[in-house]
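Q: Would you mind keeping the following structure in view while I ask a few things?
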Amino acid sequence: MAVPPAPDAPERPVETSMHGDVLVDEYGWLREKENPEVIEYLERENEYAKARLAHTEAFQEVLYEEMLARIKQDDADVPWSKGGYLYYDRTEEGRPYEILCRRKGSMESPEEIMLDVN
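Written out as structure tokens, the structure reads:
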């Protein structure tokens with residue numbers, strides 16, 4: 035895979051006033067997540083990074099597997115109490131994101147899943 039040239043983001047200053055000071059961020063326009071120019075620029079950055087790192091793909095996979103082997107994938111945080119409920123995050127093997135749960139009154143109560151983005 036030929037490596038494309040590194041993308042060069044143009045400077046488009048964005049001014050922000052904070053406590054009477056004016057802060058200027060030359061690349062502040064890149065925070066505009068819905069801007070088609072930002073999306074196109076980020077796609078070019080991703081293509082560039084993928085091409086530059088292509089020779090390390092096998093090594094990346096080895097590192098990823100080593101890191102997974104050191105993580106307890108089925109786990110739960112210590113619960114915290116609020117408003118009569120116990121809240122906690124838990125993880126499940128093969129699912130990359132935490133699951134936010136709660137139980138009413140005690141950990142023996144039925145689990146309610148509040149948020150699961152897996």
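Count along the sequence shown from 1, add 34, and you get the number used in the working numbering. Glycine included, C-beta positions come from ideal geometry on N, C-alpha and C.
Starting from I105, trace the beta strand (DSSP E) in both directions and tell me its first and last residue.
A: Looking at the DSSP string, I105 is not in any beta strand (DSSP E), and its letter there is neither H nor E.
Q: Going by CA-CA distance only, name the one from D109, S140, E132, M141 that's closest to M148.
A: Closest option to M148, Cα to Cα, is E132.
Q: Say whether the region 57 to 76 touches the region 41 to 49, bearing in mind that this needs 3 or more beta-carbon pairs closer than 8 Å, one atom from each stretch.
A: They touch, by the three-pair rule.
Q: Starting from S115, follow its DSSP beta bridges and name the residues at the other end.
A: The partner list for S115 (beta bridge, DSSP) reads L120.
Q: Exposed or buried, R136, counting other C-beta atoms within 10 Å across all chains shown (16 or more means buried)?
A: R136 should be labelled buried.
Q: Could you pull the start and end residues of the alpha helix (DSSP H) that E146 belongs to?
A: No alpha helix (DSSP H) holds E146; the beta strand (DSSP E) holding it covers 146 to 150.
Q: Going by DSSP, which residues form a beta bridge with M52?
A: According to DSSP, which records beta bridges pairwise, M52 is partnered with D55.
Q: Among the candidates L97, E81, E71, whose CA atom is the shortest distance from the CA of P38?
A: Ranking L97, E81, E71 by Cα distance to P38 puts E81 first.
Q: Under 8 Å Cβ to Cβ from E68, same chain only, skipping five residues before and after it: list those, please.
A: Cβ within range, chain order: n/a, list empty.
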